[in-house]
Amino acid sequence: MRVRSMLAIMAGLCTVASYAWGDTSAAVQQLLKTLDAPSATEQPVVFQDDNGYVRFLGAPQGGVFKVDSAQKAAGAPAGAKAFLDAHRDAFGVSDSSSLAAGRILTNGGQTFVHLGQSIGGVQVFGADASVQVNADGN
1 MRVRSMLAIM AGLCTVASYA WGDTSAAVQQ LLKTLDAPSA TEQPVVFQDD NGYVRFLGAP
61 QGGVFKVDSA QKAAGAPAGA KAFLDAHRDA FGVSDSSSLA AGRILTNGGQ TFVHLGQSIG
121 GVQVFGADAS VQVNADGN
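The sequence shown runs 1 to 138 under this note's numbering.
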């Protein structure tokens with residue numbers, strides 16, 4: 001996944017059910033450890049809300065956020081969902097909610113996966129994410 005023509009995660013994810021508003025710094029640090037950018041001269045772009053949850057994440061030029069190889073092999077929607085599921089605490093997604101792929105667009109080797117959030121089978125209004133996945137599945 002990339003931004004600046006590499007990755008974009010625009011997360012409007014929110015939690016409706018009761019969710020512990022805790023310290024998110026450890027979760028965000030764990031998320032940033034998935035960055036693979038050996039030749040990058042810039043830091044990743046991370047925007048967080050007032051509670052510390054990530055609302056935008058972008059890899060620097062030439063960088064990617066790695067996805068588990070088993071999930072990557074399952075395709076872009078599965079990889080995007082697995083990445084967000086693996087980092088629920090950083091994005092503020094409660095354990096009682098689920099993410100499901102909706103619209104999927106492919107352009108120039110990049111796949112854009114739109115994921116919606118639901119709780120108990122009910123779609124949460126405004127709780128969605130867009131993930132850009134490169135041709136390698138990251």
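Using N, Cα and C, we set each Cβ at its ideal position, and we do this for glycine too. These numbers were taken from a predicted model, which means no experiment stands behind them.
By a beta-carbon distance limit of 8 Å, residue 82 does not contact residue 93. Their separation comes to about 13 Å. For residue 101, the uninterrupted beta strand (DSSP E) run begins and ends at 97-107, by DSSP. Taking all protein chains in view, the Cβ of residue 73 is surrounded by fewer than 16 other Cβ atoms within 10 Å, so the residue is classified as exposed. Secondary structure note for residue 128: its beta strand (DSSP E) is the uninterrupted segment 122-133.
The straight-line gap separating the alpha-carbon atoms of residue 45 and residue 118 is approximately 27 Å.
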